[in-house]
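Those protein sequence lines, which keep their order, are chains A and B. Last residue of the first sequence: number 506 in the numbering used here, and the count goes up by one each step with no gaps. Last residue of the second sequence: number 320 in the numbering used here, and the count goes up by one each step with no gaps. Ideal placement from N, C-alpha and C gives every residue a C-beta, glycine not left out. Everything numeric in this text was worked out from a predicted model, so none of it was measured. As structure tokens, the structure follows; a few thoughts come after it.
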Amino acid sequence: MTDSKFPRRALLRGASYGAGAAALAGVAASWDRLTAADVHGRDDHALVVATLGSAVDPAAQRALSDGFRALHPGLDVRLVPVQATDWSDFFAKILTQIAAGTAPDVVYVATEGVQLFAQRLGVALDDRVRRDKEELREYFADVHPSLVESMMFEGSLYQLPVEFNAADIYLNRAVLKRSRVEVPPPDWDRDDFTALLRTMKRGGGSGFTPYFWTNRLWGGVVPWLFANGTNVLAESKAPGGDWLWDTFYPPRDRRGRGGGYRWARPQATADRVEEVYEYLSSLIQDRLCSRPEGGSGTNLVGVFSTGRVGVTPAGGFWAGGLHTAGMRRDAYDVQYFPRWRTQRHQFGAAGYALLKTSKKQDEAWEFIKYSVRKDVLTQLFHANQTTPARRSMVHAARYEETGPKNWPVFYDTLDQFPATGPIPAPPQAAEVEQLLLKHTGTALADARGVRPALRHLQSDLEKAMERAT
Amino acid sequence: MTTPVLDRRPTPTSSATAPRRSLKDRGTRLLAALFLAPTLVGVLVFTVVPIVGSVVLSFFHWDVIGTPRFAGTDNYTQVFTDDTVLVSFTNTLIFMVFAVALQLLLALALALTLTNRMPSWLRSTFRSAFFFPLILSAASISVVMKYLFNQDFGVVNWLLGHVGIAPVPWLTSEHSAMAAVILVYVWQQFGFSFLLFVGGLNTIPKEIHEASSLDGASGLRKHLSITLPLLSPTLLVASVVGIINALQVFEQPYVLTDGGPGDATRTVVMVIYQSAFEQLRFGEASAIGVLLFVLIMAVTALQFRLSRRFVHYQ
Numbered sequence: 038m039t040d041s042k043f044p045r046r047a048l049l050r051g052a053s054y055g056a057g058a059a060a061l062a063g064v065a066a067s068w069d070r071l072t073a074a075d076v077h078g079r080d081d082h083a084l085v086v087a088t089l090g091s092a093v094d095p096a097a098q099r100a101l102s103d104g105f106r107a108l109h110p111g112l113d114v115r116l117v118p119v120q121a122t123d124w125s126d127f128f129a130k131i132l133t134q135i136a137a138g139t140a141p142d143v144v145y146v147a148t149e150g151v152q153l154f155a156q157r158l159g160v161a162l163d164d165r166v167r168r169d170k171e172e173l174r175e176y177f178a179d180v181h182p183s184l185v186e187s188m189m190f191e192g193s194l195y196q197l198p199v200e201f202n203a204a205d206i207y208l209n210r211a212v213l214k215r216s217r218v219e220v221p222p223p224d225w226d227r228d229d230f231t232a233l234l235r236t237m238k239r240g241g242g243s244g245f246t247p248y249f250w251t252n253r254l255w256g257g258v259v260p261w262l263f264a265n266g267t268n269v270l271a272e273s274k275a276p277g278g279d280w281l282w283d284t285f286y287p288p289r290d291r292r293g294r295g296g297g298y299r300w301a302r303p304q305a306t307a308d309r310v311e312e313v314y315e316y317l318s319s320l321i322q323d324r325l326c327s328r329p330e331g332g333s334g335t336n337l338v339g340v341f342s343t344g345r346v347g348v349t350p351a352g353g354f355w356a357g358g359l360h361t362a363g364m365r366r367d368a369y370d371v372q373y374f375p376r377w378r379t380q381r382h383q384f385g386a387a388g389y390a391l392l393k394t395s396k397k398q399d400e401a402w403e404f405i406k407y408s409v410r411k412d413v414l415t416q417l418f419h420a421n422q423t424t425p426a427r428r429s430m431v432h433a434a435r436y437e438e439t440g441p442k443n444w445p446v447f448y449d450t451l452d453q454f455p456a457t458g459p460i461p462a463p464p465q466a467a468e469v470e471q472l473l474l475k476h477t478g479t480a481l482a483d484a485r486g487v488r489p490a491l492r493h494l495q496s497d498l499e500k501a502m503e504r505a506t
Numbered sequence: 007m008t009t010p011v012l013d014r015r016p017t018p019t020s021s022a023t024a025p026r027r028s029l030k031d032r033g034t035r036l037l038a039a040l041f042l043a044p045t046l047v048g049v050l051v052f053t054v055v056p057i058v059g060s061v062v063l064s065f066f067h068w069d070v071i072g073t074p075r076f077a078g079t080d081n082y083t084q085v086f087t088d089d090t091v092l093v094s095f096t097n098t099l100i101f102m103v104f105a106v107a108l109q110l111l112l113a114l115a116l117a118l119t120l121t122n123r124m125p126s127w128l129r130s131t132f133r134s135a136f137f138f139p140l141i142l143s144a145a146s147i148s149v150v151m152k153y154l155f156n157q158d159f160g161v162v163n164w165l166l167g168h169v170g171i172a173p174v175p176w177l178t179s180e181h182s183a184m185a186a187v188i189l190v191y192v193w194q195q196f197g198f199s200f201l202l203f204v205g206g207l208n209t210i211p212k213e214i215h216e217a218s219s220l221d222g223a224s225g226l227r228k229h230l231s232i233t234l235p236l237l238s239p240t241l242l243v244a245s246v247v248g249i250i251n252a253l254q255v256f257e258q259p260y261v262l263t264d265g266g267p268g269d270a271t272r273t274v275v276m277v278i279y280q281s282a283f284e285q286l287r288f289g290e291a292s293a294i295g296v297l298l299f300v301l302i303m304a305v306t307a308l309q310f311r312l313s314r315r316f317v318h319y320q
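Given below as structure tokens:
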């Protein structure tokens, strides 16, 4: 080896390695790939909108973001679908993002989280709604005031309702036919309901459950509490909100409206609450209804569509679910929840909330307005996976393919029963929900368990509400 | 006898080689440090820092949204007076005892059967079959099991119905829910202990069994006096890992019963999750986490202490 050759060979080798590395780097740089800036919230460019992943399908989501970009060419929007089993899980993930410093600008929030977000994270929309009132007049005229009121907190509006679901009763028509009964009339009551279950049970066989329900805040024990004119937390209204009612609603719709719901005082040991639990317990003892099982009720579609369940509480979202599961439009129908002392129904609604951590609040407001446009909602909810908040979208053509025949029930649950209200969801709704589910499980696991379980529920709710104050 | 490898006395050498060896040693150490660095950084960032962070957080009130406020020992006081937390610790200990005992017994019985009674061509099939559930997601398994154990529509009750047994409320009765959760957990987890035991049994010299047979020892006596003592190091490892995993059980009760009915199947990790992410009480959740950490450390230390008396190394 000579000294004179080595540097030249090494130089050539180095140059070729360098050229190769540069070529690789060039290819890598031009490749469309993920970087740290792709984690939403880490770049200041796009408006970040967090939605519940399973609520809206990806194609519809793209339509939502593409349409907004077309309308506002200067604004980029990034939809972040968050996969979650339920709203509580969804909020947990959003709060984790906030803790990580990557808070979205806009979050899709359901009734369960409206007051939590309003109290701690949300921006009141009052001034913006007042400013753009002419633009929004058509929207409010199309949306039931109960839905709007459910999005208010202490006199201010925090969200524009996009969708809702009230707990109505779904009935399997094959089971009705087998039992030789018709779809019950709208004004049926609790005794009619019990009689229907008994009739179904007689012809159902061993693997059949007349009434199936899932132990959760929406659609669990709560619709029965509403029907009996009670609730686990005493309900009242906050003052205020006149500015909104006077601006957008006629006098008949303003009556009794306020500045949003308040749920502060636990009343789990009230006689009417106990009546509800005793009634459900008696249904379980008579094997007319399933024991309350936790979870999202994902197996319910299967057992209902195959005739192993006769009736179950669900909202408009189930029309799409049953259709997807292969159930024909005439194989099921829907009716109001039966009357007890009242025929008040419960609902849950959802819409986009603007977070105060957002640096793009004006753009976020444009997105929120865009999200409630009729053409946008039509694209989003084409599969009947929910009930649109706009009355004009709930029409015969929408349910032509999926059913049910009695589809007007979905919006009439609001229009025919104006007292229909949201599930109890104070700012500490997650804890309330957890306690309700836990003690409902205990109360109904044993025939003698109702009273002690409700005493524990009352005590735990008192502690939870006290802790929150 | 002293082997050259172990002889570390300085050897007569020229003054030039000493610094060269020292440089070589330093280089080796540097190389070792470089290889260890990724793991050490990983352990530091993903294990040590979160543990220290949890301990610190347990002395604060924090709801993610606001600024943490110093709480002193409030969170610990709250935890010790919260019935749900106390019940969850009791549930977790009950779960641990039954789940680990059942898991070890089942795994040992199957490992002995597979090693002693099964033709060799079938062994690998069964080894894979028993291990398979372990590589599946616990949440997915629990979703399927939830269907199977459903009181009204589940396959388990359907089968029991064929032999005249009335439907059992597996997941909705305080008496049977924990049993169902344990069954699902053991079904998924025993494959790990099973593999350890199969490996352990294969290391026991056949000559010892043959000698004991010549001495007239029965099958049970051989297992009690030879197999178990020689398998005791494996048993220790399986029980330590089993207990640590069982004390941290979450997915199965969360998906199957959501902790219910009531608090019947609520475990410590479920309470940690619910306190933190559902009730936004991160300080309290951290305090519970610290207590669970201490419990796991204490139980593991106790196991190692007891192992001095019961574990026999060949």
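- [ ] Report the neighbours of B:Y153 on chain A: residues whose CB is nearer than 8 Å to its CB, in chain order.
- [x] Residue mapping note: residue 153 of chain B aligns to position 147 of the second sequence, counting from 1. Those within 8 Å of B:Y153 in chain A are N336.
- [ ] Can you say whether A:W355 is buried or exposed, counting buried as having 16 or more other CB atoms within 10 angstroms of its CB?
- [x] Start at 1 with the first residue of the first sequence, and residue 355 of chain A comes out as number 318. Label assigned to A:W355: buried.
Task: Where A:K238 falls, given that 16 or more other Cβ within 10 Å makes a residue buried - done: In the first sequence, residue 238 of chain A corresponds to position 201, counting from 1. Flag for A:K238 reads buried.
Task: Straight-line gap, B:W164 to B:P173 (C-alpha atoms, nearest Å) - done: Position 158 of the second sequence holds residue 164 of chain B. Position 167 of the second sequence holds residue 173 of chain B. Rounded to whole angstroms, B:W164 to B:P173 spans 8 Å at the Cα level.
- [ ] Give a yes or no on whether the minimum CB-CB distance between A:Q471 and chain B is below 8 Å.
- [x] Taking the first residue of the first sequence as 1, we reach residue 471 of chain A at position 434. Taking Cβ atoms only, chain B reaches closer than 8 Å to A:Q471, which makes this a yes.
- [ ] Determine the contact status of B:E180 and A:A482, defining contact as a CB-CB distance below 8 Å.
- [x] The residue labelled residue 180 of chain B in the question sits at position 174 within the second sequence. The residue labelled residue 482 of chain A in the question sits at position 445 within the first sequence. Yes, the Cβ-Cβ distance between B:E180 and A:A482 is below 8 Å.
Task: Given A:G486 as reference, the closest of A:E311, A:N336, A:Y407 once Cα atoms are compared - done: As a first step, residue 486 of chain A is located in the first sequence; it is residue number 449 there, counting from the start. That would be A:E311, whose Cα lies nearest to the Cα of A:G486.
- [ ] Give a yes or no on whether 8 Å exceeds the smallest Cβ distance from A:A390 to chain B.
- [x] Your numbering for residue 390 of chain A matches position 353 in the first sequence. Taking Cβ atoms only, chain B never reaches closer than 8 Å to A:A390, which makes this a no.
- [ ] Give me the Cβ distance between B:F71 and A:R157, rounded to the nearest whole Å; I'm assuming they're in contact under 8 Å.
- [x] Here residue 71 of chain B refers to the residue found at position 65 of the second sequence. Here residue 157 of chain A refers to the residue found at position 120 of the first sequence. The question names Phe, but residue 71 of chain B in the sequence shown is Ile. Yes, B:I71 and A:R157 are in contact; Cβ-Cβ is about 5 Å, under 8 Å.
- [ ] Determine contact between the segment 459-479 of chain A and the segment 490-502 of chain A, defined as no fewer than three beta-carbon pairs at a distance below 8 Å.
- [x] The segment 459-479 of chain A vs the segment 490-502 of chain A: in contact.
- [ ] Return no unless some Cβ of chain A is closer than 8 Å to the Cβ of B:I71.
- [x] Position 65 of the second sequence, counted from the start, is the residue given in the question as residue 71 of chain B. B:I71 counts as touching chain A.
Open item on the list: Between A:R378, A:A387, A:I131, which has its C-alpha nearest A:L19's C-alpha?
Closed with: The question about residue 19 of chain A has no answer, for chain A in this structure spans 38 to 506.
- [ ] Identify every run of the alpha helix (DSSP H) within the segment 396-425 of chain A, keeping only runs that are complete inside it and at least 4 residues long; order them along the chain.
- [x] 398-408, 411-417
Open item on the list: Between which two residues does the alpha helix (DSSP H) holding A:P247 run?
Closed with: Here residue 247 of chain A refers to the residue found at position 210 when the first sequence is read from its first residue. Where A:P247 is concerned, there is no enclosing alpha helix (DSSP H), although the beta strand (DSSP E) it sits in stretches over 246-248.
Task: B:R272 in three-state terms, based on DSSP - done: Counting from 1 along the second sequence, the entry for residue 272 of chain B is found at position 266. It is coil, neither helix nor strand.
- [ ] Report all residues from its chain with a CB closer than 7 Å to the CB of A:V409; omit the five preceding and five following residues, and keep chain order.
- [x] Your numbering for residue 409 of chain A matches position 372 in the first sequence. Here the set comprises Y176, L197, V199.
Open item on the list: The alpha helix (DSSP H) that contains A:A136, what's its start and end?
Closed with: Position 99 of the first sequence, counted from the first residue, corresponds to residue 136 of chain A. A:A136 -> alpha helix (DSSP H) spans 124-136.
TODO: Give the straight-line distance between the Cα atoms of A:I135 and B:I147, rounded to the nearest whole angstrom.
DONE: Mapped onto the first sequence, residue 135 of chain A falls at position 98. Mapped onto the second sequence, residue 147 of chain B falls at position 141. Looking at the two C-alpha atoms, the distance is approximately 31 Å.
Open item on the list: Within a Cβ cutoff of 8 Å, which residues of the same chain sit near B:S20, ignoring the five residues on either side of it in sequence?
Closed with: Mapped onto the second sequence, residue 20 of chain B falls at position 14. Its pLDDT being 49, under 50, B:S20 is placed unreliably by the model, and the measurement read from it follows with that caveat. For B:S20, where only same-chain residues beyond five positions count, there are no Cβ hits under 8 Å.
- [ ] Kindly indicate which residue of A:Y145, A:Q422, A:Q465, A:R381 has the alpha-carbon position closest to the one of A:V85.
- [x] Here residue 85 of chain A refers to the residue found at position 48 of the first sequence. Closest by alpha carbon: A:Y145.
Task: Proximity test, Cβ basis, 8 Å: B:Q280 and chain A - done: Taking the first residue of the second sequence as position 1, residue 280 of chain B is located at position 274. Judged by the 8 Å Cβ criterion, B:Q280 is in contact with chain A.
- [ ] Have a look at the DSSP bridge pairing and note the partners of A:N336.
- [x] On the first sequence, position 299 is the one that residue 336 of chain A refers to. Paired residues: none, contrary to the question.
Task: Extent of the continuous beta strand (DSSP E) to which B:S146 belongs - done: Locating residue 146 of chain B in the second sequence gives position 140, counting from the first residue. Element bounds for B:S146: not the beta strand (DSSP E) but the alpha helix (DSSP H), 144-154.
Task: A:Q519 in three-state terms, based on DSSP - done: As displayed, chain A neither begins before 38 nor continues past 506, which places residue 519 of chain A out of reach and without an answer.
TODO: Consider the Cβ of B:P175: report whether some Cβ of chain A lies at a distance smaller than 8 Å.
DONE: Locating residue 175 of chain B in the second sequence gives position 169, where the first residue counts as 1. Yes, contact with chain A.
- [ ] Mind checking which residues open and close the beta strand (DSSP E) that includes A:N209?
- [x] Taking the first residue of the first sequence as 1, we reach residue 209 of chain A at position 172. Taken as a continuous stretch (DSSP letters only), the beta strand (DSSP E) holding A:N209 covers 205-209.
Task: Boundaries (first-last residue) of the alpha helix (DSSP H) holding B:V106 - done: For this step, residue 106 of chain B is matched to residue 100 along the second sequence. Element bounds for B:V106: 89-123.
Open item on the list: Below 7 Å, is the gap between the Cβ of B:K30 and the nearest heavy atom of the ligand COA?
Closed with: Among the components modelled here there is no ligand, and therefore nothing to report on the ligand COA.
TODO: Could you confirm whether any beta carbon from chain B is found closer than 8 Å to the beta carbon of A:L498?
DONE: In the first sequence, the residue the question calls residue 498 of chain A occupies position 461. Contact of A:L498 with chain B is not assigned, every C-beta pair being separated by 8 Å or more.
Task: CA nearest to the CA of A:R227, picked from A:G257, A:Y316, A:N202 - done: Position 190 of the first sequence, counting from 1, holds the residue named residue 227 of chain A. Closest option to A:R227, Cα to Cα, is A:Y316.
Open item on the list: Measuring alpha carbon to alpha carbon, tell me which residue in A:P287, A:A56, A:L491, A:H382 is nearest A:G266.
Closed with: The sequence position of residue 266 of chain A within the first sequence is 229, counting from 1. Selected option, being the one with the closest Cα: A:H382.
- [ ] Report the three-state DSSP secondary structure of A:S342 (helix, strand or coil).
- [x] Stepping through the first sequence from its first residue, residue 342 of chain A is reached at position 305. The three-state secondary structure of A:S342, taken from DSSP, is helix.
Open item on the list: Can you pull the chain A neighbours of B:D158, defined as C-beta to C-beta under 7 Å?
Closed with: Start at 1 with the first residue of the second sequence, and residue 158 of chain B comes out as number 152. The answer, in chain order, is T246, S327.
TODO: Using a Cβ-Cβ cut-off of less than 9 Å, list which residues of the segment 184-196 of chain A approach chain B; keep chain order.
DONE: none
TODO: Could you tell me which uninterrupted alpha helix (DSSP H) segments, each at least 4 residues in length, are contained entirely in the segment 427-505 of chain A, listed from first to last along the chain?
DONE: 446-452, 466-482, 487-505
- [ ] For B:F283, go through chain A and note every residue whose CB falls closer than 9 Å to its CB, in chain order.
- [x] Counting from one through the second sequence, the residue named residue 283 of chain B turns up at place 277. The contacting residues are S125, D126, F128, A129, K130, L132, T133, A467.
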